[in-house]
Amino acid sequence: MHVFARRVAGSLVFNTKPSPLLCLRLPRISRFQPHNLHLQLTAFSRYSTMSVPSHLLADEKAPVCRLEIQPHFDNLSAKEKLYAHHISKASFAGTRVVLRQVSPESEPLFDLILTVARHVENDFSKIVEACNVTEDEKNKFAEFGAQVLANLGNYKSFGDQKFVPRIPEETFTKIASITPKAAKLWEGIKEQVYKISPEGITLLGYPPDHMSAYYPDSPAITQADIEACGETFVKNGVLVEHTRLKQLDDGSFDMLVASEKVGEGSVYETKDGRKIRTVYGDHSKEMKVMADELDGAKKAALNDTQEKMMEEYVKSFREGSLEAHKESQRYWIKDIGPTIETNIGFIETYRDPAGTKAYFEGWVAVVNKERTKVFGKLVERAGDFIPKLPWSKDFEKDKFQKPDFTSLEGKLLFPLNRYDDIRMTLGFKNVSLGNVLNAKSPSEKVTFIDEKDLPLFERLRGPAFELQVGLHELLGHGSGKLLQETEKGVFNFDKENPPVSPLTGKPVTTYYKVGETWGSVFGATAASYEECRAECVAMYLCPDREILEVFGHTDDTEAAAEDGKDYSYRFM
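Each position in the sequence shown, counted from 1, maps to that position plus 114 in this note's numbering.
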């Protein structure tokens with residue numbers, strides 16, 4: 115299989131011949147840096163008199179990486195392959211859901227690019243003669259198209275910043291005119307694709323000053339409106355990860371729930387008396403495809419736990435029940451050491467400015483048994499390493515729940531368990547994406563490393579990154595606990611003698627009230643804060659000799675302990 119894979123920020127998209135898309139989502143962590151950052155404040159297109167800030171121009175000559183999966187997939191049994199196939203198809207079905215969560219123009223832009231590609235049978239050289247454009251203009255169109263497919267939208271999946279074509283609108287119009295379908299799509303979105311003023315719309319954020327597709331067809335909605343609805347949802351215990359919010363002309367709201375079923379549900383009321391109606395059927399067509407495919411995966415499940423997990427996924431996607439999705443996550447955590455690892459749903463809330471509504475992600479992967487053995491050693495010793503962190507045991511769970519830590523070779527991938535209450539009571543899973551760690555473009559240049567250090571850097575970049583990922587995922591995300599009032603008058607810490615803050619030296623005075631979550635309290639900064647915390651834990655612990663030894667770095671090995679520590683920092 116020939117795979118086109120583009121790493122941009124936090125996502126990879128594969129274009130397998132002839133055209134189906136395979137979308138891979140990765141944890142949005144600082145180690146995946148955007149490529150081709152421009153330092154100039156403004157660049158002037160040689161095709162146009164219009165100036166465009168250089169950081170808004172689509173990337174040029176971005177690196178392309180091939181992800182290796184074939185050998186691992188070939189080793190699966192026929193039933194395992196069928197199980198993986200159905201989940202992969204379900205994940206594919208979420209492509210349009212993601213597009214609709216980015217910007218109004220993302221989905222038609224996606225369709226336009228694929229329409230042009232199919233018309234020329236993926237031979238973009240035909241565009242030059244057919245559309246009377248130059249070779250350079252054709253290349254810039256293709257690069258923009260690749261970036262749209264890689265990010266599933268025209269905003270970067272890492273950085274949430276808009277990017278525009280490096281060719282002027284009239285040139286893009288000529289290329290789009292290659293087929294009537296593409297021309298019609300372009301006519302409806304061309305202004306939005308090139309729009310960069312006011313400046314705020316070039317970043318995802320609270321409307322109306324910024325762009326957010328989590329509030330569709332709501333030109334007058336404000337941050338205050340969104341927060342008022344959020345307070346109502348928290349008060350009523352409503353989970354909103356799989357929703358969008360629409361404001362109607364009379365000032366009331368529709369909470370759009372992703373589900374196959376179509377209809378209306380409960381009605382809520384904000385403090386100032388505005389109604390919020392529950393409307394089922396957002397992404398109904400796609401949710402049906404997902405549910406049907408996951409029903410097929412249920413029939414091919416390899417054990418009872420997987421069968422029950424798939425059953426809850428299907429219920430969640432058909433009925434719009436996030437409680438069913440939470441139940442699927444309980445089974446997922448209990449599915450220890452599977453050959454095929456997977457998860458799917460509305461998980462991470464990075465892109466919603468309110469930090470409560472999540473974007474769709476799905477993945478299926480094959481376990482790399484050799485590398486998993488290394489992570490297994492780290493899991494076994496986790497209880498020894500967590501106490502080395504610079505805070506007291508009062509800030510840790512009473513009993514460390516050892517996760518199921520596996521190294522995966524991914525077909526489709528995304529981050530881990532969304533639900534804090536499940537993490538606190540049942541534990542969690544951690545994965546390392548082996549074929550992603552090892553993916554590297556032959557043309558990619560290493561920056562900020564002295565030339566004399568390059569040979570050792572190249573040799574240790576894989577092991578150092580593996581060390582960093584293991585610590586980040588297991589001891590970073592896996593450590594600590596939320597001090598909570600779990601139900602009225604019940605606390606998971608001694609409220610009369612609260613823990614002493616390592617920062618102030620005084621007892622803490624705040625905690626999470628009933629119904630509050632990390633995302634609802636910290637909003638848009640929640641995800642970034644958590645990733646920084648996990649990364650800091652990894653950096654704090656990576657010099658530890660015992661930890662280095664777990665990963666095979668001792669003074670007697672080729673990848674010596676000092677080098678392993680040193681290059682973990684350099685790789686940052």
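Think of the CB as a built atom: it goes at the ideal place given N, C-alpha and C, for glycine as much as any other residue.
Give every residue of the same chain whose Cβ lies closer than 8 Å to the Cβ of residue i, excluding the five residues on either side of it in the sequence, and list them in chain order.
| i | result |
| --- | --- |
| SER615 | PRO621 and VAL622 |
| TYR683 | MET653 and CYS656 |
| ASP339 | GLN361 and PHE367 |
| GLY351 | GLY629 |
| LEU416 | LYS193, GLU194, TYR197, PRO452, THR453 and ILE454 |
| SER191 | none |
According to DSSP, simplified to helix, strand and coil, what is residue i?
| i | result |
| --- | --- |
| ARG83 | Because the chain spans 115 through 686 in this model, residue 83 falls outside it and cannot be assessed. |
| ARG232 | helix |
| LEU436 | helix |
| LEU170 | helix |
| ALA198 | helix |
| ASN265 | helix |
| ASP396 | strand |
| GLY379 | strand |
| ASP677 | helix |
| PRO185 | helix |
| GLY319 | coil |
| SER682 | helix |
| PHE272 | coil |
| PHE607 | coil |
| VAL614 | strand |
| PRO569 | helix |
| PRO330 | coil |
| GLY259 | helix |
| GLY469 | coil |
| GLY344 | helix |
| PHE286 | helix |
| GLU663 | helix |
If we ignore side chains and look at the alpha-carbon of each, how far apart do residue i and residue j end up?
| i | j | result |
| --- | --- | --- |
| CYS343 | ILE281 | 41 Å |
| GLU341 | HIS586 | 32 Å |
| GLY592 | HIS356 | 24 Å |
| GLN582 | ASP670 | 21 Å |
| ARG388 | TYR625 | 30 Å |
| ARG444 | MET424 | 12 Å |
| ILE729 | LEU370 | With the chain represented from 115 up to 686, any question about residue 729 goes unanswered, as that position is not in the structure. |
| LYS276 | ALA290 | 21 Å |
| TYR464 | TYR308 | 25 Å |
| GLY666 | VAL488 | 9 Å |
| VAL278 | ASN268 | 7 Å |
| GLN215 | LEU570 | 42 Å |
| LEU263 | VAL212 | 11 Å |
| GLU219 | ASP323 | 17 Å |
| GLU649 | TYR643 | 10 Å |
| VAL381 | LYS349 | 13 Å |
| VAL77 | GLU400 | Nothing can be reported for residue 77, as the shown portion of the chain is limited to 115 through 686. |
| ALA468 | TRP632 | 12 Å |
| PHE460 | LYS566 | 46 Å |
| VAL604 | SER435 | 27 Å |
Apart from the five residues just before and just after residue i, which ones in its own chain have a Cβ nearer than 6 Å to its Cβ?
| i | result |
| --- | --- |
| ILE315 | MET325 |
| MET686 | none |
| LEU171 | ARG280 |
| GLY410 | HIS200 |
| ASN606 | GLN598 and THR600 |
| VAL651 | LEU589 and GLY590 |
Since residue i sits in a beta bridge, which residues does DSSP pair it with?
| i | result |
| --- | --- |
| ASP368 | LYS360 and ARG391 |
| TYR626 | GLN598 |
| ILE454 | VAL480 |
| VAL560 | Paired residue(s): none; VAL560 is not in a bridge. |
| MET325 | LEU318 |
| VAL651 | For VAL651, which the question treats as bridged, DSSP gives no partner whatsoever. |
| PHE474 | PHE460 |
| PRO621 | VAL614 |
I believe residue i touches residue j by the beta-carbon criterion, under 8 Å. Please report the beta-carbon distance rounded to the nearest angstrom.
| i | j | result |
| --- | --- | --- |
| VAL500 | LEU589 | Going by the sequence as given, residue 500 is Ile instead of Val. Yes, ILE500 and LEU589 are in contact; Cβ-Cβ is about 6 Å, under 8 Å. |
| LYS288 | VAL247 | 6 Å |
| TYR320 | LYS471 | Incorrect: roughly 13 Å between the Cβ atoms, too far for contact. |
| PHE431 | ALA405 | 4 Å |
| ALA296 | VAL230 | 5 Å |
| ILE458 | TYR427 | 6 Å |
Would you check whether the ligand ZN has a heavy atom nearer than 7 Å to the C-beta of residue i?
| i | result |
| --- | --- |
| GLU421 | Ligands in the displayed structure: none, and consequently the ligand ZN is not present. |
Excluding the 5 residues preceding and the 5 following residue i in the sequence, name in chain order all residues of the same chain whose CB lies nearer than 7 Å to its CB.
| i | result |
| --- | --- |
| ARG495 | VAL664 |
| PHE509 | GLY594, LYS595 and PRO613 |
| ASP225 | LEU299 |
| PHE238 | LYS252 and ALA256 |
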